[in-house]
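**Student:** Residue numbers (our numbering), protein chains in the order written: chain P, 1 to 178; chain G, 179 to 492.
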Amino acid sequence: MVSMTLAASEGTLNPVAVELAPAITTLVVFGLVCLVLFTKVWPKIASGLDERQAKIRQEIEAAEAAQAEARAAMESQQAELAKARAEANEMIMKAKADAEATAKELRARAQAELTELREQAGQQIKEAKETAITELHAETAMLATAIATRILQREINVDDQQSLIDDSLRELESVHGG
Amino acid sequence: MHLLAFGDNPLGHVVDVAIIGGNDPIVGSTASDTPILTMHMVTMLIAAILTVWMMMTVASKVCTGKGTGNERYLTKGRFSQMIEVIILYLRDKAIHPVLGDANTNRFLPFLLTLFFFILVCNILGLIPLMDLQHVLGHGIVGSEMQWAFFGGTATSNLAVTAALAVICFVIIQIHAFRELGIKGWLSHLTGGAPLYLLPIMLPVEFMGMLIKPSALAIRLFANMVAGHTLMAMLALFGKMAFAGLGTGGLIGIGFISIIAAVAISFLELFVAFLQAFIFMFLTAVFISQMSHHHEDHHEEFEEGLTEYDEVPAH
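1) Is the beta carbon of HIS220 (chain G) less than 8 Å from the beta carbon of ILE197 (chain G)?
2) Please list, in chain order, the chain P residues whose beta carbon lies closer than 8 Å to that of LEU241 (chain G).
3) First and last residue of the beta strand (DSSP E) that includes ILE198 (chain G)?
4) Do you know how far the Cα of LEU358 (chain G) is from the Cα of LEU228 (chain G)?
5) If I follow the unbroken beta strand (DSSP E) through ARG215 (chain G), where does it start and stop?
6) In or out: MET233 (chain G) buried (at least 16 other Cβ within 10 Å) or exposed?
7) What does the alpha-carbon distance come out to for the pair VAL440 (chain G) and THR291 (chain G)?
8) What residues from chain P crowd round PHE295 (chain G), counting only those whose CB sits closer than 7 Å?
9) Consider the Cβ of ALA23 (chain P): report whether some Cβ of chain G lies at a distance smaller than 8 Å.
10) Within 8 Å, do at least three Cβ pairs link the region 357-373 of chain G to the region 253-260 of chain G?
11) Closer than 7 Å, Cβ to Cβ, to anything on chain G: give me those residues from the region 53-78 of chain P, in chain order.
12) Could you give the distance in angstroms between the alpha-carbon of ILE318 (chain G) and the alpha-carbon of ILE429 (chain G)?
13) In chain G, what lies closer than 8 Å to LEU20 (chain P) by C-beta?
14) With a threshold of 7 Å, establish whether the CB of VAL382 (chain G) neighbours any heavy atom of the ligand FMN.
15) Check whether the Cβ atoms of MET222 (chain G) and VAL348 (chain G) sit closer than 8 Å, and answer yes or no.
16) Assign PHE355 (chain G) to one of two classes, buried (16 or more other C-beta atoms within 10 Å of its C-beta) or exposed (fewer than that).
17) In the region 270-285 of chain G, which residues sit with their C-beta less than 8 Å from some C-beta in chain P, listed in chain order?
18) How is the alpha helix (DSSP H) around PRO377 (chain G) delimited, first residue to last?
19) Between VAL192 (chain G) and VAL382 (chain G), how many whole angstroms is the CB-CB distance? I'm expecting something under 8 Å.
20) Output the distance between the C-alpha atoms of GLY303 (chain G) and ALA371 (chain G), rounded to the nearest integer angstrom.
21) According to the Cβ coordinates, are ALA438 (chain G) and LEU394 (chain G) closer than 8 Å?
22) Do we get a CB-CB distance below 8 Å when we pair LEU27 (chain P) with the residues of chain G?
23) Less than 8 Å between CB atoms is the rule here; does MET233 (chain G) satisfy it with respect to chain P?
24) Are ILE273 (chain G) and LEU286 (chain G) touching if we call contact CB-CB under 8 Å?
25) Which value, in whole angstroms, describes the spacing of the CA atoms of ARG57 (chain P) and ALA65 (chain P)?
26) Against chain P, with Cβ distances strictly below 8 Å, would HIS191 (chain G) count as a contact?
27) Considering only their Cβ atoms, is the gap separating PHE293 (chain G) from PHE455 (chain G) smaller than 8 Å?
28) When you compare the CB positions of GLY330 (chain G) and MET217 (chain G), do they come within less than 8 Å of one another, or not?
29) Tell me which same chain residues have a C-beta within less than 6 Å of the C-beta of LEU336 (chain G), skipping the five on either side of it?
30) In the DSSP assignment, the alpha helix (DSSP H) including GLU130 (chain P) goes from what residue to what residue?
31) Between P:ILE165, P:LEU49 and P:GLN67, which has its C-alpha nearest ALA146 (chain P)'s C-alpha?
32) When the Cα atoms are used, what is the spatial distance from ALA99 (chain P) to THR115 (chain P)?
33) Beta-carbon of LYS40 (chain P) versus every beta-carbon of chain G: anything under 8 Å?
34) Helix, strand or coil for PHE328 (chain G) per DSSP?
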């Protein structure tokens, strides 16, 4: 009531009265706004929003596909890397085994050669020993003959000498053999 | 002389003024019972033009066009981006959960138009257009005549909000008839009550049908009137202090009242958005109440089969 009095005192309209003119104007104006916005604005905005949404969805899907592809590629690469690493390890192990086998073979061969050399050396030593003994026997016989000749003051012919030598050798062999 | 428009009356900024016709028109002296042209009508026309211009500008910035490349998918300009965000929020968070797919597509243009029209009217009311006209008019011409021809808040006029509510009522009822048919509409009106309760149910439901849009109109009108009246009251404190206490009172009280008025202005800005949203949102709710799925909810709930929140919204 106070507000109405105040309003009336200023020549203004009743604030709680529903005047016909503003109401009809509102209907008309809002109707026109609707008409313009429905035909010129909302279709454009709706299509813009829909297209943008579709584009974003498409980009996200493409990004997800690319990510999956990259992940698969990375997994494949890692598998390849692991495979290569295993192969390298295998090769290293094989090379090590080969080297060990070769070393073993070389060692065996060297051992065999050494044994052979040792045997040859032994044989040669034996032969040299036998030769030396034979020569020693001959020399000994010669000396013994010479000495005996001197003692007996007579010449002993070759056949006697040979007979003596042979006797001496037999005796020597019998001594050695016995 | 009042330097500011309706300087002695806090209701001056919210009450409509007759320009042509009415008891004391600004233009001419031909008084009549009903005004022909009022300040709020002019303001509403300006708001309508602004709404159309604003939304057409936004539409041109939001639409992707026919070019190539990714650039065309970007919304150009901060204002357009802001409006786009508001539209997306209203569509995805407010309207779609209430109306579902089909009805959202059908009613989204109307609801958004309603929201932006009310919003522009509300925000236009926060700009002191009447005062500017008075200052300019008195400053230039120096006469005592009423210089303000537009300004104020159109939505603080009950006739305007009532007309908007009538439009909503018509839309809701047309939708109800289309969705439910005459039989379904009558069934909805009875609320599933037994026959002996119909004498009570029918008037109650019928009144409820009318009260819903009326509440929309009164809520918007009351909020706009209250906010602007409060602001005007705060602004008047300085003048009252000057009249009562002199310059000291003007400086002391005026400073406090200005700070309070600024704070209330921010609140009013929020209320402008909030009331536009509430008007639009409740209209969407009332529309959804007249839809098939809402009827299904009623039946399921009444049969004790399920709870409301377990039924898919659409």
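By construction, the Cβ of each residue, glycine as well, lies at the ideal position given by its N, Cα and C atoms.
Computed from a prediction, not measured in an experiment: that's the story for all the values here.
**Tutor:** This is what the structure holds:
1) The question names His, but residue 220 (chain G) in the sequence shown is Val. Yes, these two residues count as a Cβ contact at 8 Å.
2) A small fix is needed here, since residue 241 (chain G) is Cys in this sequence, not Leu. Within chain P, the residues near CYS241 (chain G) are LYS44, ILE45, SER47 and GLY48.
3) Element bounds for ILE198 (chain G): 196-199.
4) Near 37 Å, if we compare the C-alpha coordinates of LEU358 (chain G) and LEU228 (chain G).
5) Checking the displayed sequence, the identity of residue 215 (chain G) turns out to be Leu instead of Arg. Judged by DSSP secondary structure, LEU215 (chain G) falls within the beta strand (DSSP E) whose first and last residues are 213-216.
6) Flag for MET233 (chain G) reads buried.
7) Cα-Cα distance, rounded: 29 Å.
8) Against PHE295 (chain G), the close residues of chain P are PHE30 and VAL33, in the order they occur along the chain (beta-carbon pairs closer than 7 Å).
9) Interface residue, yes.
10) The region 253-260 of chain G makes no contact with the region 357-373 of chain G; the number of CB pairs closer than 8 Å stays below 3.
11) Contact residues of the region 53-78 of chain P toward chain G are LYS55 (C-beta to C-beta distance below 7 Å).
12) So the alpha carbons of these two residues sit roughly 28 Å apart.
13) Neighbours of LEU20 (chain P) on chain G, chain order: THR212 and ALA337.
14) By its list of ligands, the structure shown contains no ligand whatsoever, and the ligand FMN lies outside what it can speak to.
15) Contact flag unset, no.
16) Counting every other CB atom within 10 Å of its CB across the protein chains shown gives PHE355 (chain G) a total below 16, marking it as exposed.
17) Flagged: no residues at all.
18) Following the DSSP letters along the chain, one finds PRO377 (chain G) inside the alpha helix (DSSP H) bounded by residues 376-423.
19) Contact doesn't hold; Cβ gap of about 34 Å is too wide.
20) Rounded to the nearest angstrom, the two C-alpha atoms are 46 Å apart.
21) For ALA438 (chain G) and LEU394 (chain G), no; Cβs fall outside 8 Å.
22) Put simply, the CB of LEU27 (chain P) is near chain G, with a gap under 8 Å to one of its CB atoms.
23) With respect to chain P, the C-beta atom of MET233 (chain G) has a partner C-beta closer than 8 Å.
24) Taking C-beta atoms as the reference points, ILE273 (chain G) and LEU286 (chain G) count as a pair closer than 8 Å.
25) In a straight line, the C-alpha of ARG57 (chain P) is about 12 Å away from that of ALA65 (chain P).
26) Interface with chain P (8 Å Cβ-Cβ cutoff): HIS191 (chain G) is excluded.
27) Going by C-beta atoms, PHE455 (chain G) is nearer than 8 Å to PHE293 (chain G).
28) With respect to MET217 (chain G), GLY330 (chain G) sits close: the two C-beta atoms are nearer than 8 Å.
29) Cβ neighbours of LEU336 (chain G) beyond the five flanking positions: PHE399.
30) Per DSSP, GLU130 (chain P) belongs to the alpha helix (DSSP H) from 42-152.
31) Measuring from the Cα of ALA146 (chain P), the nearest candidate turns out to be P:ILE165.
32) Between ALA99 (chain P) and THR115 (chain P), the C-alpha separation is close to 24 Å.
33) Yes, LYS40 (chain P) counts as interfacial toward chain G.
34) Residue state, collapsed to three classes: coil.
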